[in-house]
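Numbering (our numbering), first residue to last: 451 to 871.
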């Protein structure tokens, strides 16, 4: 802090006055000599230092009161489904988008919210990654570097890094503060279709049309493991919140669970009758409601076969998983029993995206039937449908974990932001 000469003189005089009023004569004399003050300055009688100090205490108390009021206001707003509501608000997406963002010259392949700041990133078949402020709808940045379609994006838990994967066979890691390309990872032999950070963010997992999953060290870019087991294109790979379990889905119509430390496959889930496009782990906040909704029936009449024994402790912690497929269904899986608990039917075309509401009370899916559906996990039924959410296939979606807000991307080259109410 820089003070003007007048402010310094006033401060010195106030300190000297305080010393003298408190009986610190020696300290007062020494301070006046050091500061070049006339001893008479200590006799001004203004009591400036005490006044300033008591003012600071009063302001601190006022700040604490205001912070308490803000917290209460945010809670009230969350209950009403306001845009600044907290993440556990159970409000549902409105039927009209708040923002329609454009700029891509090809279909949008993936969308994801930044975990900390109000930004959303999207990738496209035009080979770019674009960033917007989702509150204002203002365009922020376009990241260029890939030479073919960018298929998927993932932020690290801190939001400091963004990973993108592409049909150009590479994965790029971006500094999301400077937007610089930090590293390019090469090793896959075909289209790289999925990527994710493994919490706490030291490693990255990727999957490819070459039927493999690779694990990379984020700091060096070295490939540490290659996981094999799928018989066809691996469409997606995701990591559990604790980083102890990976899940992948494939054109071979299976879902596989993996131990990322050993690289071994711990389970194979079967049941879908067409390509599995997308998967998502259920957050812990949804576990109790899912368990309650299926009590009385552990699964379907004919549960799909599995190829392994009991799952690892990682599967115990991540109890449930959902999948979306080209067979037009969404399936809910119990990873402990490795059985399909329920099949959700309602879409009229391929299911392209699934994501959990931040409250843990709902599941949201997107489809090539141009719609977005919201499913209640309490009764496992569709409670809201956004018909014609995009004029063409709805290829991807994500839900904000901080505020109740949805983002979707489509073949129409648009990104839409949906507020919840």
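Note that beta-carbon positions come from the ideal geometry of N, C-alpha and C, so glycine has one too. Note that the coordinates shown come from a computational prediction; the quantities given were computed from them, not determined experimentally.
Taking residue i as the reference, which of the options has the closest Cα?
i: residue 849; options: 562, 636, 582; result: 562
i: residue 630; options: 651, 591, 498; result: 591
i: residue 596; options: 776, 588, 635, 608; result: 635
i: residue 628; options: 603, 870, 611; result: 611
i: residue 820; options: 472, 621, 847; result: 847
i: residue 481; options: 466, 493, 660, 777; result: 466
i: residue 702; options: 713, 783, 686, 693; result: 686
i: residue 769; options: 799, 798, 501, 697; result: 697
i: residue 565; options: 734, 584, 580, 609; result: 609
i: residue 440; options: 724, 689, 457, 723; result: In the structure as shown, the chain begins at 451 and stops at 871. Residue 440 is therefore absent and cannot be evaluated.
i: residue 866; options: 474, 570, 780; result: 570
i: residue 708; options: 651, 785, 737, 660; result: 785
i: residue 683; options: 614, 741, 706; result: 706
i: residue 501; options: 461, 473, 484; result: 461
i: residue 834; options: 858, 796, 845; result: 796
i: residue 575; options: 614, 736, 805; result: 614
i: residue 676; options: 828, 855, 658; result: 658
i: residue 868; options: 548, 593, 640, 860; result: 548
In whole angstroms, give me the CA-to-CA distance for residue i and residue j.
i: residue 732; j: residue 512; result: 41 Å
i: residue 545; j: residue 871; result: 10 Å
i: residue 836; j: residue 704; result: 29 Å
i: residue 625; j: residue 560; result: 19 Å
i: residue 662; j: residue 730; result: 19 Å
i: residue 524; j: residue 853; result: 11 Å
i: residue 470; j: residue 508; result: 25 Å
i: residue 772; j: residue 654; result: 22 Å
i: residue 468; j: residue 510; result: 23 Å
i: residue 808; j: residue 712; result: 31 Å
i: residue 815; j: residue 656; result: 23 Å
i: residue 489; j: residue 567; result: 54 Å
i: residue 734; j: residue 810; result: 8 Å
i: residue 572; j: residue 553; result: 11 Å
i: residue 604; j: residue 577; result: 16 Å
i: residue 680; j: residue 521; result: 48 Å
i: residue 752; j: residue 793; result: Reliability of the predicted coordinates at residue 752 is poor, the pLDDT of 38 falling under 50, and no value is obtained from them.
i: residue 826; j: residue 779; result: 15 Å
i: residue 831; j: residue 623; result: 39 Å
Tell me the residue span of the beta strand (DSSP E) that contains residue i.
i: residue 836; result: 831-836
i: residue 549; result: 549-551
i: residue 814; result: 812-817
i: residue 560; result: 558-563
i: residue 867; result: 865-869
i: residue 793; result: 789-795
i: residue 783; result: 779-784
i: residue 770; result: 770-775
i: residue 542; result: Counting along the chain, residue 542 falls outside any beta strand (DSSP E), and DSSP gives it neither H nor E.
i: residue 427; result: With the chain covering only 451 through 871, there is no way to say anything about residue 427.
i: residue 950; result: Since the first and last residues shown for the chain are 451 and 871, residue 950 lies out of range.
i: residue 845; result: 844-849
i: residue 583; result: 578-583
i: residue 826; result: 822-826
Could you pull the start and end residues of the alpha helix (DSSP H) that residue i belongs to?
i: residue 573; result: Looking at the DSSP string, residue 573 is not in any alpha helix (DSSP H); the run it does join, the beta strand (DSSP E), is 569-574.
i: residue 741; result: 737-743
If you measure from the CB of residue i, is any heavy atom of the ligand SAM nearer than 7 Å?
i: residue 865; result: Within the structure as shown, the ligand SAM is missing, as the structure has no ligands at all.
Segment contact flag, the stretch 509-520 with the stretch 836-851, C-beta cutoff 8 Å, min 3 pairs: no
Across the stretch 718-726 and the stretch 775-792, are there enough close Cβ pairs to call them in contact, namely three or more that are closer than 8 Å? Per the Cβ contact rule, the stretch 718-726 is in contact with the stretch 775-792 (3 or more Cβ pairs under 8 Å).
Taking only runs that begin and end inside the stretch 674-729, name each unbroken beta strand (DSSP E) of 3 or more residues, in chain order. 684-689, 696-700, 704-709, 714-720
Start-end ranges of the alpha helix (DSSP H) lying completely within the stretch 453-525, minimum 4 residues: 455-471, 475-485
Give the list of continuous beta strand (DSSP E) stretches no shorter than 3 residues that lie fully inside the stretch 592-664. 600-605, 611-616, 620-625, 631-636, 642-648, 653-658
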